[in-house]
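Asker:
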Amino acid sequence: METQDLTKQFGHGSLPPLAVNEVDLHIGQGQVYGLPGPNGVGRSTALELLAGMLHPASGRILFGWTLLDPRRPVRYRISSRISHSIPI
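Take the sequence shown: its letter number 23 is residue 1205 in the numbering used here, and every next letter is one higher.
This is how it looks when you write it as structure tokens:
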């Protein structure tokens, strides 16, 4: 799997907040990859983009040689577990 300049923005206006900013990533077949970091850095958003649950503002996602087509989500063909914590 590979991403090229993957970007996701939420909101509208002249400067909408960036959740994921130009991420380039390469994960080879059979590799396990983690996304460490503090809260609010865009890990869940990046995973949701990779799973086809969100559409990127720009950039590309490739699985092997296949470009992810937003009209045909892969979320039904891959398994993911994305958890969100809610403060009590």
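Glycine included, C-beta positions come from ideal geometry on N, C-alpha and C.
Suppose contacts are defined by Cβ-Cβ distances below 7 Å. Is S1239 in contact with T1189 by that definition?
Answerer: As a first step, residue 1239 is located in the sequence shown; it is residue number 57 there, counting from the start. As a first step, residue 1189 is located in the sequence shown; it is residue number 7 there, counting from the start. According to the sequence provided, residue 1239 is Ala. The question's Ser does not apply to it. Cβ atoms of A1239 and T1189: closer than 7 Å.
Asker: If A1201 sits next to G1224, beta carbons under 8 Å apart, how far is it from one beta carbon to the other, in whole angstroms?
Answerer: Locating residue 1201 in the sequence shown gives position 19, where the first residue counts as 1. Locating residue 1224 in the sequence shown gives position 42, where the first residue counts as 1. So it is a contact: roughly 5 Å between Cβ atoms.
Asker: Please name the residue, chosen from F1192, P1220, G1210, that lies closest to F1245 on a Cα-to-Cα basis.
Answerer: As a working note, residue 1245 is residue 63 in the sequence shown. It is G1210.
Asker: Ignore the nearest five residues each way along the sequence and tell me which others in F1192's own chain have a CB closer than 7 Å to its CB.
Answerer: For the purposes of this step, residue 1192 is taken as residue 10 along the sequence shown, with counting starting at 1. Setting aside the 5 residues that flank it on each side, F1192 is surrounded in the same chain by P1198, P1199, A1201, each with a C-beta closer than 7 Å to its C-beta; the list follows chain order.
Asker: Where does A1201 sit, in a helix, a strand or coil, going by DSSP?
Answerer: For the purposes of this step, residue 1201 is identified with residue 19 of the sequence shown, where counting begins at 1. Strand.
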